[in-house]
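For the sequence shown, my numbering assigns the number 70 to the initial residue and increments by one for each residue that follows. Ideal placement from N, C-alpha and C gives every residue a C-beta, glycine not left out.
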Amino acid sequence: MSLETIIYRQFDIANNNAVEIELPKYKIYAMCNLRGGIGKTTLSFNLSYLADDLLAVDTCPQGNLSYFYDKDYYAGNQTNVKDMLLPYLVPGLGKATRVASFIGATNEYFSDKNNFYIPSSEELYLLPSQLITAINQTAGLQQSQKQLALKSILYSLETEIKRELSENSLDKCIIDTSPFFAGATQLAWYAADALVIPVRTDQQSIKSLELLINILTNPQSEFRKYLPENDMNVPKIQMVVLTHCGWSTVAGARNEPNQQTKLYLKKVYDILSKNRTLLSTRNPENHLFMLDDFLGSGRISSFESKPMELLKEGETKVIDRLRVSVNKSVDKCKNQLKFISNQLW
Numbered sequence: 070m071s072l073e074t075i076i077y078r079q080f081d082i083a084n085n086n087a088v089e090i091e092l093p094k095y096k097i098y099a100m101c102n103l104r105g106g107i108g109k110t111t112l113s114f115n116l117s118y119l120a121d122d123l124l125a126v127d128t129c130p131q132g133n134l135s136y137f138y139d140k141d142y143y144a145g146n147q148t149n150v151k152d153m154l155l156p157y158l159v160p161g162l163g164k165a166t167r168v169a170s171f172i173g174a175t176n177e178y179f180s181d182k183n184n185f186y187i188p189s190s191e192e193l194y195l196l197p198s199q200l201i202t203a204i205n206q207t208a209g210l211q212q213s214q215k216q217l218a219l220k221s222i223l224y225s226l227e228t229e230i231k232r233e234l235s236e237n238s239l240d241k242c243i244i245d246t247s248p249f250f251a252g253a254t255q256l257a258w259y260a261a262d263a264l265v266i267p268v269r270t271d272q273q274s275i276k277s278l279e280l281l282i283n284i285l286t287n288p289q290s291e292f293r294k295y296l297p298e299n300d301m302n303v304p305k306i307q308m309v310v311l312t313h314c315g316w317s318t319v320a321g322a323r324n325e326p327n328q329q330t331k332l333y334l335k336k337v338y339d340i341l342s343k344n345r346t347l348l349s350t351r352n353p354e355n356h357l358f359m360l361d362d363f364l365g366s367g368r369i370s371s372f373e374s375k376p377m378e379l380l381k382e383g384e385t386k387v388i389d390r391l392r393v394s395v396n397k398s399v400d401k402c403k404n405q406l407k408f409i410s411n412q413l414w
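Okay, here's the thing in structure tokens:
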């Protein structure tokens, strides 16, 4: 069992013939890596379409996922994730209920899905300082009170997500996060059962993966140092998705990755091999998957807020005065996304 297994499996995934991996299934996933532009929101958006009875939570202040679900998002009229969290940081504020909105009401492509979302807020940029202030204010409490107060703060997003899941009879959740750790991303890690980590085929993304793993494992990291000693709820890594992959053009290559993709595939594999205890099965090859560069299909999908699953080869769109088309590789991308989805739920 080795890196070659992952490469060979990719041919079956591309042709929709791959055998599912027996990964444990979780309810709440956080989509994260501490770098922007690697595919977190794109992956969150497309995976949210492939599931049903799902709650999507946007904790990135940029709000791109919220905009995919609702073109009027930037008008700022909705109750949002910041509104949910603030009562845990500022005593005396009333707590929100039934914050989630039906995605199909604002994105026609989701009309037949029983999926909901909680929008982001630009004010999440202020959350890191508010979170640290609230945590510091627990220092003067007696130990038992301090632990209760800390748990209330650290697990505030988890508490609210579970309430929304229950109120809307949903059983799945995906949290899209920002490229920086402090604030809402930190709370997303406390809320998540497991992590999905996109890693782009470049060295900066490899460094981001290493930083993420250090934050998970280092007892003095911002993630772990506030957790009570008897409550070390560190999320497992369910999968790392290598994004923007390229493929060999040699005849008969059978969807084999090109040399650059192989280079970064090996780097990620080696990192996971050294950190097996963080994985949900401890077998690195069960947790590493590849995803095409979406190219024109991705541009059309983003422009129209239309899931990849609904795109068809030959579909065209004029974007920024350039005609963009969906090429035949879209079916391979669809199969990759469906296989990834099936390993989550």
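Next item on the list: Just tell me which of T207, T148 and T254 has its CA closest to the CA of L196.
Entry: T254
TODO: Report the option in K241, I282 and Y194 whose CA atom is closest to the CA atom of F185.
DONE: K241
Which runs of the alpha helix (DSSP H) spanning at least 4 residues fall entirely within the segment 193-267, listed in chain order? 196-205, 212-223, 225-236 and 253-260
### Query
Roughly how many angstroms separate the alpha carbons of T330 and N176, rounded to a whole number?
34 Å
Exercise. Consult DSSP for F171 and reduce its assignment to one of helix, strand or coil.
Key: strand
- Item | Which of helix, strand or coil DSSP assigns to V126 | strand
(message) Could you compute how far the alpha carbon of F80 sits from the alpha carbon of W258?
(response) 33 Å
- Can the beta-carbon of V126 be found less than 8 Å from the beta-carbon of I306? no
What is the DSSP secondary structure of T312, counted as helix, strand or coil? strand
Simplified DSSP state of V393, which is helix, strand or coil: strand
**Prompt:** Where does Y418 fall in DSSP's three states?
**Reply:** The requested residue 418 is not part of the displayed model; the chain covers only 70 to 414.
Out of E373, L341, Y138 and A218, which one is the CA nearest neighbour of S113? Y138
Determine the burial state of E233: buried for a count of at least 16 other Cβ atoms within 10 Å of its Cβ, exposed for fewer. buried
Q: Look at the Cβ atom of P93, then the Cβ atom of S349, and state whether they are nearer than 8 Å.
A: yes
Checklist entry - Does the distance from the CB of Y118 to the CB of P376 come in under 8 Å? => result yes
Note to self: Rounded to the nearest angstrom, what separates F420 and Y178 at their Cα positions?
What the structure shows: Nothing can be reported for residue 420: it is not among the residues displayed for the chain, which extend from 70 to 414.
Give the straight-line distance between the Cα atoms of D271 and P160, rounded to the nearest whole angstrom. 44 Å
Discussion item. Alpha carbons only, please: which of D122, Q405 and F372 is nearest the one belonging to R390?
Written reply: F372
Check your understanding: Rounded to whole angstroms, how far is the Cβ of E378 from the Cβ of V395, which I believe are closer than 8 Å?
Key -> 12 Å between Cβ atoms; not a contact.
Legend entry - C-alpha gap between Q211 and E279, whole angstroms: 37 Å
Mind reading off the beta-carbon distance from D122 to N183? Whole number of angstroms is fine, and I expect it under 8 Å. 5 Å
Check your understanding: When DSSP labels each residue in this structure, what does I379 get in the three-state scheme?
Key -> The question names Ile, but residue 379 is Leu in the sequence shown. Reduced to three states, the DSSP call for L379 is helix.
message: Excluding the 5 residues flanking S221 on each side, which residues of the same chain have their C-beta closer than 7 Å to its C-beta?
response: Y157
### Message
Can you check which of these residues, W414, L413 and K397, is closest to N84 by C-alpha distance?
### Response
K397
In chain order, what residues of the same chain lie with their CB nearer than 7 Å to the CB of K96, ignoring the 5 residues before and after it?
D240, K241, C242 and D262
Tell me which residue opens and which closes the alpha helix (DSSP H) that K343 is part of. Q328 to K343
**OP:** Please determine, among T228, L155, S235 and N86, the residue with the shortest C-alpha to C-alpha distance to Q199.
**Re:** L155
Alpha carbon of S274 to alpha carbon of Y98, nearest angstrom: 20 Å
*asked:* Once the 5 residues before and after P366 are set aside, which same chain residues still bring their CB inside 6 Å of it?
replied: It is Ser, not Pro, that sits at residue 366 in the sequence shown. Once the five neighbours on either side are set aside, the close Cβ partners of S366 are L380, V395 and V399.
Practice problem: Could you pull the start and end residues of the beta strand (DSSP E) that I90 belongs to? | Solution: First-last for I90: undefined, no H or E at that position.
| request: Within its chain, find whatever has a CB closer than 8 Å to the CB of L162; leave out the 5 residues flanking it on each side and keep chain order. | output: L155 and P156
- Query: In three-state DSSP terms, what is K140?
  - Reply: coil
Exposed or buried, what is L334 when buried is set at 16 or more other beta-carbons lying within 10 Å of its beta-carbon? buried
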